[in-house]
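Below is one structure, written out as structure tokens, with a few remarks after it.
Numbering (the working numbering), first residue to last: 14 to 347.
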């Protein structure tokens, strides 16, 4: 089969019509990581009959225990179809072993470090080949954290990034028990007995997660741990990131509470940045939780339009200062 890319083997797996939308599913085999069996599914949504019309590209990254269906249902309801109908060129990535992406040989060892170092750059390169405009990236939960790792580690070239929006993403929440070495050692020993964490058994979502993700999280939160890998400190690297940033938290999110999301946001050096807390106190319909912030009828009414306006550039240059109590943006000084 002829490759759809000059960069590396890419197969067009399916091309379907979904109502007023077209759905093209590609499978990328970048061969850029130590595990050469890695293949990544990337879905492009477009307007049926107008597939060649390409607005600004937007790449969506799902969170843990999830897949592309977080962004659009089989009935084509979701943020992804909404953005397509607003004129954007929407691409939906599925991480290794999730959704239509097959499990690689070293699946149990997959980690955010692999996603950030190898997979996101490959996705970025292919999307740029198909649409050379700088891409906006939107990540939810672990997807947002992966974006932060890729930018903080310097794996994604900032010149090719139009902006980054992270929803419910944090790495600053304190788990004090893990600061006690024997507790962390015991947790690591127990986790190593498993190959995966089952999303269905844990009632967290439709997909499994490789145990490598959990072990990596332990390293971040242990005594003297850091958000990074053996080679790079991603947390410190965020101080070099200057692309536009939108960070969104939910007041009702117990998984990634707003103060922790804000700590990640404040680590970016971007001048064009905005932090929003989806809370009744800030004028929203409800105190959104971890999923409702993007998948709910109220989100459809007030969060999706907020995202579209941000992508369209309908915002002021903003800065956030430590100690801000509101989720509202503060106009930047010239």
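Backbone N, C-alpha and C define an ideal beta-carbon position, used for all residues, glycine too.
In this structure, DSSP gives residue 238 a state outside helix and strand, which the three-state scheme calls coil. Cβ contact annotation for residue 43 (same chain, cutoff 6 Å, sequence separation greater than five): 21, 135, in chain order.
DSSP, reduced to helix, strand and coil, places residue 152 within a strand of the structure shown.
Where residue 288 is concerned, the enclosing beta strand (DSSP E) starts and stops at 286-291. The three-state secondary structure of residue 21, taken from DSSP, is coil. Within the stretch 164-241, the runs of alpha helix (DSSP H) that reach at least 4 residues and sit entirely inside it are, in chain order, 194-204, 224-234. Separation of residue 259 and residue 91 (C-alpha to C-alpha, rounded to the nearest whole angstrom) is 19 Å. For the pair residue 157 and residue 182, the CB atoms are nearer than the 8 Å cut-off.
Contact annotation: residue 80 and residue 112 have beta-carbon atoms nearer than 8 Å. DSSP, reduced to helix, strand and coil, places residue 85 outside both helices and strands of the structure shown, so it counts as coil.
Beta-bridge annotation (DSSP): residue 327 is not paired with any residue. Counting along the chain, residue 77 sits inside no beta strand (DSSP E), nor does DSSP assign it H or E at all.
The beta carbon of residue 290 sits closer than 7 Å to those of 262, 264, 271, 340, all from its chain and outside the five residues before and after it, given in chain order. In this structure, residue 73 places its C-beta atom within 8 Å of the C-beta atom of residue 105. Distance between residue 225 and residue 246, taken at the CA atoms: about 19 Å. Secondary structure note for residue 95: it is in no beta strand (DSSP E), and the uninterrupted alpha helix (DSSP H) holding it is 92-98. Pairing residue 38 with residue 71, the inter-Cα distance amounts to about 16 Å. With respect to the 8 Å criterion, residue 114 and residue 303 are not classified as neighbours on the basis of their beta carbons.
Burial state of residue 323 is buried, judged by a 10 Å Cβ sphere holding 16 or more other Cβ atoms. Using a 10 angstroms sphere on the CB of residue 252, the tally of other CB atoms stays under 16, which defines it as exposed. Under the criterion of beta carbons closer than 8 Å, residue 27 and residue 118 do not qualify as touching, at roughly 25 Å. CA-to-CA, the gap between residue 32 and residue 84 works out to about 16 Å. The C-alpha of residue 312 lies about 43 Å from the C-alpha of residue 195. Secondary structure within the stretch 34-63: the beta strand (DSSP E) runs of 3 or more consecutive residues, fully enclosed, are 34-41, 53-60 (chain order). Under the three-state reduction of DSSP output, residue 264 falls in the coil class, being neither helix nor strand. For residue 70, the secondary structure class from DSSP, reduced to helix, strand or coil, is strand. Under the three-state reduction of DSSP output, residue 315 falls in the helix class. In the three-state DSSP reduction, residue 27 falls in the strand class (E or B).
Around the beta carbon of residue 63, fewer than 16 other beta carbons lie within 10 angstroms, which makes this residue exposed.
Per the Cβ contact rule, the stretch 225-242 is in contact with the stretch 190-208 (3 or more Cβ pairs under 8 Å). Ranked by how close their Cα comes to the Cα of residue 133, the residues 108, 147, 285 have 108 in first place.
The Cβ atoms of residue 184 and residue 277 sit closer than 8 Å to each other.
Between the alpha carbons of residue 41 and residue 130 lies a gap of roughly 16 Å. Classified as exposed, residue 189 has fewer than 16 neighbouring CB atoms from the shown chains inside 10 Å of its CB. In this chain, residue 256 is not harboured by any alpha helix (DSSP H), its DSSP state being neither H nor E. For residue 209, the closest C-alpha among the options 168, 78, 57, 315 is that of 78.
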